[in-house]
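Enquirer: Structure incoming, see below.
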Amino acid sequence: MGELRLMKGNEAIAEAAIRAGMDAYFGYPITPQSEVLEYLTLENPEETTGMVVLQAESEIAAINMVYGAAGTGKKVMTSSSSPGISLKMEGISYIAGAELPCLIVNVVRGGPGLGTIQPSQADYFQATKGGGHGDYRLIVLAPASVQEMADFVDKGMELAFKYRNPVMILSDGLIGQMMEKVELPEQKPRVTEFDQSWVTTGKTADRERNIITSLNLDPEKQYLHNMHLQEKYNSMKADVKYEMFDCDDAEFLLVAYGSSARICQKAVDVARSRGKKLGLLRPITLYPFPDEIISKLARQVKGILSVELNAGQMVEDVRLAVNGRIPVYHYGTPGGKIYSPDDVLKAIEEKLMGGY
Amino acid sequence: MDIMEIIKPENLVHQRTPLMTDATLSYCPGCGHGTVHHLIMEVVQELGIQEDTIGIAPVGCSVLAYDFMDIDMSQAAHGRAPAVATGIKRLWPEKYVFTYQGDGDLAAIGTAETIHACNRGENIIIFFINNGIYGMTGGQMAPTTLEGMKSSTSPYGRDHVKMGYPLKITELVAQLPGTSFVTRQAVHKPANVRKTKKAILKAFEMQREKKGLAFIEVVSNCNSGWKMTPVRSNEWMEENMFPYYPLGDIKVDGKIVKDLMKDLM
């Protein structure tokens, strides 16, 4: 068993980054994720593992530092919260276009605009549909506990290198700020073991020069590049991950991710204690989305409620998976307001079971 | 004398560096970009550091710089080259890292990245090609466009009341303690080409010795954007650009060597 600690989600991400043998972190302060940069500057891993930690002048600079460093094949990450992630979107689009592996953490807060510093899931569309310009996708992981905040750092980096694609951990202010027991992984050595065939580390005599770019002025080449990207995104289905609670005999289903799934888990427990056959599906990867299992469950349950801390975003993907076969409803509170399990139970009664 | 009599190895005075690729330069005839490309690659070749050099291409006319320089390169988003260079250099401190940027890229959209990379004293070289215009997009006003100068977005001439003053970003970064070597050069005449090459060599040697950031501005022409013949554009540059952007070293070994206040007046 690894070392046990009581930590904030943001601190767990930072500690896990050091232990994963991350080569660099570039960031900029923003509530509610500033603890990531604070923790890293305090721990000062440059002295121990050699991991570079740098506070950039902006989120824009931070993501472009990631772009440069990732292009040399190193393991690099950044973190921010919603308004900061919007600023990073230009760079993320370039990173996706140039096919660079990296990890981006979004500790989501309510929007739009400066919004609120309270937790929210209103960045679902931005994270799963691309976010910046162009046809691209990120792999999106949704942690529902401080433990998963720690676990998804190494897992995310592994997926980033597997697909040479940016990976986003889509957390929120609730998971980022709450403290839980976390079992930390062993310290991995910070070794640079990667495929050197594409990186910009200096042209050696035995190979052609390497160029990191997202530019193809020839439309035919850019078309082919896009088709290659789409093929890659489709292949990511192999890494779909989800968790099911009480789904075996469920007549009604909740779909919720991250902190919302924690609230829904409680709601399912209460509903079960009242004899209601309610289940919960928790997508762990939001992209690739677990549409196959939802499609399968749509043959079993009478209706689905997508419960999200927003005005209704993931519900669109659930509806696509269900394809009109059963009713799919949304329950949520946008703008940083958090529902209780009781609120969810009430919504289940009114929206989901009301019609039956 | 027959031409073939002249072109023979023993008459060679200057050889094209093999570190320039065979790709045809995408720059307009008469433009200074190609000369600066050649100079950088000549220095990299002479120092024998091709294996350890990484360049960052900007957005602008030199967006395709990576097609011409036979080294590993990374193409950056508009204005972000100094941040990209920072990311590379921090992880590969023994490598030589440079950015190659135009005036719009470096002194407008990328001002923050430029100032802060300079202020941190990143151990990199920033090449700044200043021709006072957005060349690639077709001749719009740049941060360094001179007062009264016409462009497609200042068709009646730049008026500082509406459009602000031409930005002397090189004098600005010279004042930051993070910069070590700041110089302004040109490549329109052989003597200037030699001086610029000397500055480039010094900058790479400084990087080897980890002496901090080197910032090399090259005041260049844009005959297409300025709508002049190449020869006339060079004359115009001497008459109008150099008085506002005077050539010479501004900071050497961390010390200001010019009366900046006089230049800024």
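Chain order of the listed sequences is Y and C.
Counting from 1, position 103 in the first sequence corresponds to residue 103 in my numbering; the numbering is continuous, with no gaps.
Counting from 1, position 190 in the second sequence corresponds to residue 1190 in my numbering; the numbering is continuous, with no gaps.
For every residue, glycine included, the Cβ atom is placed at its ideal position computed from N, Cα and C.
Which residues in chain C sit within 9 Å of Y:E57, going by Cβ to Cβ distance?
Expert: Position 57 of the first sequence holds residue 57 of chain Y. Within chain C, the residues near Y:E57 are A1083, A1112, E1113, I1115, H1116, A1117, N1119, R1120.
Enquirer: According to the Cβ coordinates, are C:G1212 and C:N1119 closer than 7 Å?
Expert: Residue numbering aside, residue 1212 of chain C sits at position 212 when the second sequence is read from its first letter. Residue numbering aside, residue 1119 of chain C sits at position 119 when the second sequence is read from its first letter. Not closer than 7 Å, so no.
Enquirer: Against Y:K276, what residues of chain C qualify as contacts under a CB-to-CB distance less than 7 Å, listed in chain order?
Expert: As a working mapping, residue 276 of chain Y is identified with position 276 in the first sequence. Within chain C, no residue comes near Y:K276; the closest Cβ sits about 52 Å away, beyond 7 Å.
Enquirer: Can you tell me where the alpha helix (DSSP H) holding Y:E59 begins and where it ends?
Expert: Position 59 of the first sequence, counted from the start, is the residue given in the question as residue 59 of chain Y. Y:E59 -> alpha helix (DSSP H) spans 59-70.
Enquirer: Which residues, taken in chain order from the segment 1060-1082 of chain C, show a beta carbon closer than 9 Å to some beta carbon of chain Y?
Expert: V1063, L1064, Y1066, D1067, M1069, D1070, I1071, D1072, M1073, S1074, Q1075, A1076, A1077, H1078, G1079, R1080, A1081, P1082
Enquirer: Comparing the C-beta of Y:G332 with each C-beta of chain B, is any distance below 7 Å?
Expert: Within the model displayed, chain B is absent; protein chains Y and C are what it includes.
Enquirer: Under 7 Å, do Y:T31 and Y:G336 count as touching if we go by C-beta distance?
Expert: Within the first sequence, residue 31 of chain Y is the residue found at index 31, counting from 1. Within the first sequence, residue 336 of chain Y is the residue found at index 336, counting from 1. The answer is no: Cβ separation not under 7 Å.
Enquirer: Given a cut-off of 7 Å, decide if Y:I348 and Y:V328 are closer than it, judged by their beta-carbon atoms.
Expert: Here residue 328 of chain Y is taken as the residue at index 328 of the first sequence, counted from 1. Here residue 348 of chain Y is taken as the residue at index 348 of the first sequence, counted from 1. No.
Enquirer: Which of the three DSSP states, helix, strand or coil, is assigned to Y:E186?
Expert: Along the first sequence, one-based indexing puts residue 186 of chain Y at 186. Assigned with DSSP and collapsed to three states, Y:E186 falls in coil, not helix or strand.
Enquirer: Report yes or no: is there a C-beta of chain C within less than 7 Å of the C-beta of Y:L229?
Expert: Position 229 of the first sequence, counting from 1, holds the residue named residue 229 of chain Y. So no, Y:L229 is outside the interface.
Enquirer: Alpha carbon to alpha carbon, what distance is there between C:M1073 and C:R1208?
Expert: Position 208 of the second sequence, counted from the start, is the residue given in the question as residue 1208 of chain C. Position 73 of the second sequence, counted from the start, is the residue given in the question as residue 1073 of chain C. Straight-line Cα distance between these residues: approximately 19 Å.
Enquirer: Just to confirm, are C:A1081 and C:Q1101 a CB contact at a threshold of 7 Å?
Expert: The sequence position of residue 1081 of chain C within the second sequence is 81, counting from 1. The sequence position of residue 1101 of chain C within the second sequence is 101, counting from 1. Yes, they are a contact pair.
Enquirer: Please look up how many angstroms separate the CB atoms of Y:Y28 and Y:S80, rounded, as I've assumed it's under 8 Å.
Expert: Reading the first sequence from its first residue, position 28 is the one you call residue 28 of chain Y. Reading the first sequence from its first residue, position 80 is the one you call residue 80 of chain Y. Y:Y28 to Y:S80, Cβ: 7 Å. Contact.
Enquirer: Mind listing the chain Y neighbours of C:D1052? Cutoff is C-beta to C-beta under 7 Å, in chain order.
Expert: Reading the second sequence from its first residue, position 52 is the one you call residue 1052 of chain C. What C:D1052 touches in chain Y: G202.
Enquirer: Output needed for Y:M3: all residues of its chain with C-beta closer than 8 Å, excluding positions within five of it in sequence on either side, in chain order.
Expert: One-based indexing of the first sequence puts residue 3 of chain Y at position 3. Just to set this straight, residue 3 of chain Y is Glu in the shown sequence, not Met. Excluding residues within five positions, the ones whose Cβ falls inside 8 Å are E183, L184.
Enquirer: Tell me the rounded alpha-carbon separation between Y:V53 and Y:V76.
Expert: Start at 1 with the first residue of the first sequence, and residue 53 of chain Y comes out as number 53. Start at 1 with the first residue of the first sequence, and residue 76 of chain Y comes out as number 76. About 10 Å.
Enquirer: Does any CB atom of chain C fall closer than 7 Å to the CB of Y:N210?
Expert: Counting from 1 along the first sequence, the entry for residue 210 of chain Y is found at position 210. Yes, contact with chain C.
Enquirer: Beta carbons nearer than 8 Å to chain C: which residues of the segment 19-48 of chain Y have them?
Expert: D23, A24, F26
Enquirer: Which residues of chain Y have a Cβ atom closer than 8 Å to the Cβ of C:I1088, listed in chain order?
Expert: Counted from its first residue, the second sequence places residue 1088 of chain C at position 88. Within 8 Å Cβ-Cβ: G68, A69, G71, T72, T200.
Enquirer: Using 8 Å as the Cβ pair cut-off and three pairs as the minimum, do the segment 272-287 of chain Y and the segment 88-101 of chain Y touch?
Expert: no
Enquirer: Quick one: grab the DSSP three-state call for Y:K237.
Expert: Along the first sequence, one-based indexing puts residue 237 of chain Y at 237. Note: Y:K237 maps to helix in three-state DSSP.
Enquirer: How big is the Cα-Cα spacing for C:G1138 and C:T1153?
Expert: Locating residue 1138 of chain C in the second sequence gives position 138, counting from the first residue. Locating residue 1153 of chain C in the second sequence gives position 153, counting from the first residue. Going by the C-alpha atoms only, they are around 10 Å apart.
Enquirer: Quick check: the Cα distance between C:I1003 and C:L1172, rounded to an integer number of angstroms?
Expert: Here residue 1003 of chain C corresponds to residue number 3 of the second sequence, with the count starting at 1. Here residue 1172 of chain C corresponds to residue number 172 of the second sequence, with the count starting at 1. The alpha-carbon atoms of C:I1003 and C:L1172 are separated by roughly 50 Å.
Enquirer: So, at 7 Å on beta carbons, what are the nonlocal neighbours of Y:T333 in its own chain, with the 5 sequence-adjacent residues on each side left out?
Expert: Counting from one through the first sequence, the residue named residue 333 of chain Y turns up at place 333. L309, Y339, listed in sequence order.
Enquirer: What in chain C is Cβ-close to Y:M65, meaning under 8 Å?
Expert: Working through the first sequence from its first residue, we reach residue 65 of chain Y at position 65. Those are A1083, V1084, T1086, G1087, R1090, listed as they occur along chain C.
Enquirer: Excluding the 5 residues preceding and the 5 following Y:R190 in the sequence, name in chain order all residues of the same chain whose CB lies nearer than 7 Å to its CB.
Expert: Indexing the first sequence from 1 puts residue 190 of chain Y at position 190. Excluding positions up to five away in sequence, the list reads G21, D23, T49, G50, M51.
Enquirer: Is Y:E292 buried or exposed, if buried means 16 or more other CB atoms sit within 10 Å of its CB?
Expert: Numbered from its first residue, the first sequence carries residue 292 of chain Y at position 292. Exposed, by the Cβ-count rule.
Enquirer: Given a threshold of 16 other Cβ atoms within 10 Å of its Cβ, counted over all protein chains shown, does Y:I284 qualify as buried or as exposed?
Expert: Within the first sequence, numbered from 1, the residue matching residue 284 of chain Y stands at position 284. Looking at its Cβ environment, which holds 16 or more other Cβ atoms inside 10 Å, Y:I284 is buried.
Enquirer: Check the Cβ-Cβ distances between C:K1210 and every residue of chain Y, and say whether any is below 7 Å.
Expert: In the second sequence, residue 1210 of chain C corresponds to position 210, counting from 1. Judged by the 7 Å Cβ criterion, C:K1210 is not in contact with chain Y.
Enquirer: DSSP beta-bridge partners for Y:K8?
Expert: One-based indexing of the first sequence puts residue 8 of chain Y at position 8. Answer is Y:M179, bridged to Y:K8.
Enquirer: Please list, in chain order, the residues of the segment 89-109 of chain Y that have any C-beta partner in chain C closer than 9 Å.
Expert: Taking 9 Å as the Cβ-Cβ cut-off against chain C, the residues of the segment 89-109 of chain Y that qualify are E90, G91, S93, Y94, A98.
Enquirer: Tell me which residues share the same chain as C:K1210 and place their Cβ nearer than 7 Å to its Cβ, disregarding the 5 neighbours each side in the sequence.
Expert: Counting from one through the second sequence, the residue named residue 1210 of chain C turns up at place 210. Excluding residues within five positions, the ones whose Cβ falls inside 7 Å are N1123.
Enquirer: Along the chain, where does the alpha helix (DSSP H) containing C:Y1066 start, and where does it finish?
Expert: Indexing the second sequence from 1 puts residue 1066 of chain C at position 66. From DSSP, the alpha helix (DSSP H) with C:Y1066 extends over 1065-1068.
Enquirer: Straight-line CA distance for Y:G132 to Y:L87?
Expert: In the first sequence, residue 132 of chain Y corresponds to position 132, counting from 1. In the first sequence, residue 87 of chain Y corresponds to position 87, counting from 1. Roughly 10 Å separates the two Cα atoms.
Enquirer: Can you tell which of C:M1241, C:N1223, C:Q1185 has its C-alpha closest to the C-alpha of C:D1249?
Expert: One-based indexing of the second sequence puts residue 1249 of chain C at position 249. The shortest C-alpha separation from C:D1249 is found at C:Q1185.
Enquirer: Can you list, in chain order, the residues of its chain whose CB lies under 8 Å from that of Y:V301, leaving out five sequence neighbours each side?
Expert: The residue you call residue 301 of chain Y lines up with position 301 of the first sequence. Excluding positions up to five away in sequence, the list reads A250, E251, F252, L253, G279, I326.
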